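Each protein sequence line maps, in turn, to chains A and B.
Everything in the first sequence is counted per the working numbering, starting at 100 for the first residue and increasing by one.
Everything in the second sequence is counted per the working numbering, starting at 100 for the first residue and increasing by one.
Quick reminder that beta carbons are idealized off the backbone N, C-alpha and C, glycines included.
Computed from a predicted model, the values in this text were never measured in an experiment.
2 protein chains.
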Amino acid sequence: MRRRHFLTLPATAALAAPGSPSALCLNEDNSHWFYTRAGKTLTPEFVSSFVDQYAGTQVREILFSGNSQRTSFASKVWDPVWNGYDPEGPDDQPLLHSTPPEARAGARKWIHTAWELWRKGIDPYELWIARARQKGLSPWMSMRMNDLHNVDDPESYLHGSFWKQHPEFRRIPWRAVDWRDRAFDYGRAEVREYHFRLVEEYFERYDFDGLELDWMRFGFHFQPGREIEGGRLLTEFMRRTRRLADSWSRKRGRRIRVGARVPSRPETAREMGLDGALWAREGLVDLLVVTPFWASIETDMPLELWRRLAGDQVTLAAGLELLLRPYAGYRPLQFNSIETVRGAAASLLDRGADRVYLFNYMDSQTEMPDRENYPTLLRECGQLATLAGKKRRHVVTYADTWAPGEAAAAQLPKKVEAGQWAAFRLHVGPRLSRARVRLEVEGGEISELRANGDLCKPAGREEGGKPGPAAGFSCWDAPQGLNGFVVLDLRAASACHIHWVEVAG
Amino acid sequence: MRRRHFLTLPATAALAAPGSPSALCLNEDNSHWFYTRAGKTLTPEFVSSFVDQYAGTQVREILFSGNSQRTSFASKVWDPVWNGYDPEGPDDQPLLHSTPPEARAGARKWIHTAWELWRKGIDPYELWIARARQKGLSPWMSMRMNDLHNVDDPESYLHGSFWKQHPEFRRIPWRAVDWRDRAFDYGRAEVREYHFRLVEEYFERYDFDGLELDWMRFGFHFQPGREIEGGRLLTEFMRRTRRLADSWSRKRGRRIRVGARVPSRPETAREMGLDGALWAREGLVDLLVVTPFWASIETDMPLELWRRLAGDQVTLAAGLELLLRPYAGYRPLQFNSIETVRGAAASLLDRGADRVYLFNYMDSQTEMPDRENYPTLLRECGQLATLAGKKRRHVVTYADTWAPGEAAAAQLPKKVEAGQWAAFRLHVGPRLSRARVRLEVEGGEISELRANGDLCKPAGREEGGKPGPAAGFSCWDAPQGLNGFVVLDLRAASACHIHWVEVAG
Chain A
100 MRRRHFLTLP
110 ATAALAAPGS
120 PSALCLNEDN
130 SHWFYTRAGK
140 TLTPEFVSSF
150 VDQYAGTQVR
160 EILFSGNSQR
170 TSFASKVWDP
180 VWNGYDPEGP
190 DDQPLLHSTP
200 PEARAGARKW
210 IHTAWELWRK
220 GIDPYELWIA
230 RARQKGLSPW
240 MSMRMNDLHN
250 VDDPESYLHG
260 SFWKQHPEFR
270 RIPWRAVDWR
280 DRAFDYGRAE
290 VREYHFRLVE
300 EYFERYDFDG
310 LELDWMRFGF
320 HFQPGREIEG
330 GRLLTEFMRR
340 TRRLADSWSR
350 KRGRRIRVGA
360 RVPSRPETAR
370 EMGLDGALWA
380 REGLVDLLVV
390 TPFWASIETD
400 MPLELWRRLA
410 GDQVTLAAGL
420 ELLLRPYAGY
430 RPLQFNSIET
440 VRGAAASLLD
450 RGADRVYLFN
460 YMDSQTEMPD
470 RENYPTLLRE
480 CGQLATLAGK
490 KRRHVVTYAD
500 TWAPGEAAAA
510 QLPKKVEAGQ
520 WAAFRLHVGP
530 RLSRARVRLE
540 VEGGEISELR
550 ANGDLCKPAG
560 REEGGKPGPA
570 AGFSCWDAPQ
580 GLNGFVVLDL
590 RAASACHIHW
600 VEVAG
Chain B
100 MRRRHFLTLP
110 ATAALAAPGS
120 PSALCLNEDN
130 SHWFYTRAGK
140 TLTPEFVSSF
150 VDQYAGTQVR
160 EILFSGNSQR
170 TSFASKVWDP
180 VWNGYDPEGP
190 DDQPLLHSTP
200 PEARAGARKW
210 IHTAWELWRK
220 GIDPYELWIA
230 RARQKGLSPW
240 MSMRMNDLHN
250 VDDPESYLHG
260 SFWKQHPEFR
270 RIPWRAVDWR
280 DRAFDYGRAE
290 VREYHFRLVE
300 EYFERYDFDG
310 LELDWMRFGF
320 HFQPGREIEG
330 GRLLTEFMRR
340 TRRLADSWSR
350 KRGRRIRVGA
360 RVPSRPETAR
370 EMGLDGALWA
380 REGLVDLLVV
390 TPFWASIETD
400 MPLELWRRLA
410 GDQVTLAAGL
420 ELLLRPYAGY
430 RPLQFNSIET
440 VRGAAASLLD
450 RGADRVYLFN
460 YMDSQTEMPD
470 RENYPTLLRE
480 CGQLATLAGK
490 KRRHVVTYAD
500 TWAPGEAAAA
510 QLPKKVEAGQ
520 WAAFRLHVGP
530 RLSRARVRLE
540 VEGGEISELR
550 ANGDLCKPAG
560 REEGGKPGPA
570 AGFSCWDAPQ
580 GLNGFVVLDL
590 RAASACHIHW
600 VEVAG
């Protein structure tokens, strides 16, 4: 327990003690603000005031992402996003030349806003950290460890020079089929050193409560099959980060935290070299975020298992994403709404999460379609007490991240032959006093449906809603309230495909 | 640590201290010996001598299963298998009337042998326990907690009167589609009490080193969706068993162990109400066996995760089964051979198992087709040292047990379109100095295959072998040795289906 002595240092609005109320974490990505505030008059107050909307909500930690392959601040060790940018030049200037013409103006917004702030001597992260602290929020920075946006365009404005100059440092140098093939290979010492330079700069540059290492952007850091040995290298990387945090804690006279984002299931995480449970047990991280990648919110993450593995000392956060899919190929694309977020939050908090962590839930552009509910979400979805009695939806989704070659499972879609039974499993959190089962059934009929063995009553059809299938839902009402895990057993009267399963209450 | 004081009691050939060499457990089922010894002259020495073949092998714990729904000994609390049996009667006597005519003579062998021993005043289990101890083996009894053989025939000779008289105690009283629907519902106090009576009798009747509660015969003990609350009841059942073991330990002056068999993956186990990790952490079990049910050996069980969850004090056993399937629908049926057992054992021991636990590996009838290798298996497959340098095969299989409704995953079969890549993942244990990849490919060709990124060399075709596909294998040789997790990336020249994947060395 070599870090025990820090516990006596004052913790300014930082992670709370075990047993304290749950809350929200909010991740503000490294481009959204710059895109959406393009063209505004960028005064320090204007920049700072962005944070104010989160004051007085359930957001406790606000995490500002500062980089993808480039930084949105004036890094001395990596390329800032405006490297090579000519503010006077046309949209097809060299930096943006490879970008499709229709995307250039948008890309330029981010670059230009970041450049303009730099020219004016304004560091937005410095201002946001100060304002967050002033407003009682705990300010963190978040570093994306292997961001792969646009790697199918090797000349994209997004890429750092180190990535462009060293194709031999990619995790699959013999193939470039998938974005993930072109990720940096952290098995290479050069890659680890290159990234650690930015870790150091974050600590030197910003006076945050904690630094999060976001290993889930994009999650694949090693040659296929080399993940276990790679994981040992990353654990060493985390130890080094912890030591650095400790040394800055001493300098600043208060404990500086470390966080990490890792895949949603412990064995997959370990087999991807992202052994978050070990990092927590070793005291290397104070905040452990378990999360899907991006393609869907993952409503059934084994928080109980994570807690046992990671221990009671770590703050365990359940990561949400903005999209919702019952399975990978589901069409059309669906977004979460306040009701599906309530459902996921109620379940994950009930299963032991200390935090609900919002990723891609920003105040505009990348946001819920029911944007009018954003302030409500920020005031409700961090605690069971404020979720109690509110309408919520528990939707069966799937896990979007698996170790290379790992067998991937999904409950949906499911074909059910005439006369056959099929079962679905989901977790609905604390007791719902009334529970309605909603299904998307294609090409057949369901003759009987049971919830935990209890016969449910047909309740006709409902329109699809948002999110939901365009064709609408077939509905059943459970005879009594439900809580925790629920098994739905249904029998097909005629052969059908099930595409969507939820319990709403 | 209320059981700490027992550690000072002498442990007669019982579970060894942490760090001691690994070994084998062998489960002798409750009918095999009786069937296969029918018609022999049943002297005490003949009965006892059955155990001798395991002396001087790597078998440390030999576990005698004493019951399915009936007991093979003269139980006072359950029905012995000969209840209702008329030794002078015909094969179609009432007890066997519902059994198909062609199966009656076989069934009768078990019943008659057990009856004959009872008439002669011979208790085979008592003799086996004594002989095992004399030969340096650690004798255990194993109790099947919810055996469902033949439940599709409600009148079968196999069933106990309690099961027959109480259809309302079954876990799915509203359906009888699957054998598992007719399992006892341990959510019922009456069911728990009925089973605890037999637990008590085992302790009273036999002077064993340990009692194993076999929750994997057949693994489903609760109404669908009631498994978490059910799990709390089973944990209480295990606590009660532990207290009983402790009281017998005091009487007998040496520590008496408790064991349990649970599903192969921690979250599935927990969601089936079989929280083996908790039982180990709480000191309720000394031996924890993680295992598939029956349909296939499971070559990729997360032993590292189990170890972390269950702790260092428990003896962790990896359960093997006799069958081998790449996926549920694979045809024809395949059995393990010495080489596939070596592969599984090498991997599972390398991943931290203290024991390789053989289930359905008996000396006749239910046995490996390459029966001549049985003595070798018993002398090799319990330790990495004796496996080193021997030919072994690491075959991709699947998990046959999932909680009701849980999304089930399998790597195979896999369709690969022309020009596309597919990945497979398997664990090959300690370093293989040479590694050959063998695939069953249907309807197309593979143009490139890589093992952990290294290009493999085409090595032509091989006959299928046993086990193996009738059509034979397409083979590649890895350029260097492999160990631990291996990812095979392959590219299809033309569209194909992959049905079998293995690495042999």
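Going along chain B, which residues have a C-beta under 7 Å from residue i?
{"i": "L408 (chain A)", "result": "R407, L408"}
{"i": "P365 (chain A)", "result": "L404"}
{"i": "R524 (chain A)", "result": "A502, P503, G504, E505"}
{"i": "F508 (chain A)", "result": "According to the sequence shown, residue 508 (chain A) is Ala rather than Phe. Correct list: A506, A507, A508."}
Which residues share a DSSP beta bridge with residue i?
{"i": "K219 (chain A)", "result": "BP columns for K219 (chain A) are empty, so no partner."}
{"i": "D588 (chain B)", "result": "B:A522, B:R549"}
{"i": "L538 (chain B)", "result": "B:S573, B:V600"}
{"i": "V384 (chain A)", "result": "Partner(s): none; V384 (chain A) has no beta bridge."}
{"i": "Y456 (chain A)", "result": "A:C124, A:G418"}
{"i": "T390 (chain A)", "result": "A:P362"}
{"i": "N182 (chain B)", "result": "Note: N182 (chain B) sits in no beta bridge, so no partner."}
{"i": "H320 (chain A)", "result": "Answer is none; H320 (chain A) lacks a bridge partner."}
{"i": "V515 (chain A)", "result": "A:C595"}
How close, in whole Å, do the beta carbons of residue i and residue j come, if the pair is a contact with beta carbons under 8 Å?
{"i": "R424 (chain A)", "j": "S395 (chain A)", "result": "4 Å"}
{"i": "A122 (chain A)", "j": "R454 (chain A)", "result": "6 Å"}
{"i": "T390 (chain A)", "j": "M315 (chain A)", "result": "6 Å"}
{"i": "A275 (chain B)", "j": "N245 (chain B)", "result": "With 8 Å as the limit, A275 (chain B) and N245 (chain B) do not qualify as a contact, their Cβ atoms being about 15 Å apart."}
{"i": "F458 (chain A)", "j": "E505 (chain A)", "result": "With 8 Å as the limit, F458 (chain A) and E505 (chain A) do not qualify as a contact, their Cβ atoms being about 23 Å apart."}
{"i": "E561 (chain B)", "j": "G571 (chain B)", "result": "6 Å"}
Can you have a look at residue i and say buried or exposed, based on whether 16 or more other CB atoms are within 10 angstroms of its CB?
{"i": "K234 (chain A)", "result": "buried"}
{"i": "E311 (chain B)", "result": "buried"}
{"i": "L587 (chain B)", "result": "buried"}
{"i": "A591 (chain A)", "result": "buried"}
{"i": "S148 (chain A)", "result": "exposed"}
{"i": "E471 (chain A)", "result": "exposed"}
{"i": "L554 (chain B)", "result": "exposed"}
{"i": "R331 (chain B)", "result": "exposed"}
{"i": "G220 (chain B)", "result": "exposed"}
{"i": "G318 (chain B)", "result": "buried"}
Can you look up residue i in the DSSP assignment and give me helix, strand or coil?
{"i": "R269 (chain A)", "result": "strand"}
{"i": "K576 (chain B)", "result": "A small fix is needed here, since residue 576 (chain B) is Asp in this sequence, not Lys. Three-state DSSP puts D576 (chain B) in a strand."}
{"i": "E127 (chain A)", "result": "strand"}
{"i": "N472 (chain B)", "result": "helix"}
{"i": "L432 (chain B)", "result": "coil"}
{"i": "T398 (chain B)", "result": "coil"}
{"i": "E420 (chain B)", "result": "coil"}
{"i": "I597 (chain B)", "result": "strand"}
{"i": "G488 (chain A)", "result": "coil"}
{"i": "P503 (chain A)", "result": "coil"}
{"i": "H104 (chain B)", "result": "Any reading at H104 (chain B) needs caution, since the residue's pLDDT is 41, under 50, leaving its predicted position unreliable; the model's value is listed next. Three-state DSSP puts H104 (chain B) in a helix."}
{"i": "H294 (chain A)", "result": "helix"}
{"i": "G309 (chain B)", "result": "strand"}
{"i": "V276 (chain A)", "result": "coil"}
{"i": "P109 (chain A)", "result": "Note that P109 (chain A) scores a pLDDT of 41, beneath 50, so its modelled location is shaky and nothing firm can be said."}
I'd like to know if residue i contacts chain C, where contact means its C-beta is closer than 8 Å to some C-beta of that chain.
{"i": "E326 (chain A)", "result": "You won't find chain C in this structure, because its protein chains are A and B."}
For residue i, which residues in chain A fall below 9 Å Cβ to Cβ?
{"i": "L587 (chain B)", "result": "P323, G324, G504"}
What does residue i reach in chain B if we use C-beta pairs closer than 8 Å?
{"i": "W273 (chain A)", "result": "R549, G552, L554"}
{"i": "Q579 (chain A)", "result": "Ordered by position in chain B, no residue passes the 8 Å Cβ test against Q579 (chain A), which lies about 12 Å from the chain."}
{"i": "F392 (chain A)", "result": "Within chain B, no residue comes near F392 (chain A); the closest Cβ sits about 17 Å away, beyond 8 Å."}
{"i": "G442 (chain A)", "result": "By Cβ distance, chain B contributes nothing, its closest Cβ being about 17 Å from G442 (chain A), past 8 Å."}
Please list the partners that residue i has in chain A, where partner means a Cβ-to-Cβ separation under 8 Å.
{"i": "G451 (chain B)", "result": "Within 8 Å Cβ-Cβ: nothing; G451 (chain B) doesn't reach chain A, min ~13 Å."}
{"i": "V276 (chain B)", "result": "W520"}
So residue i contacts chain B; which residues on that side make the cut at Cβ distance below 9 Å?
{"i": "P401 (chain A)", "result": "P365, E366, R369, E370"}
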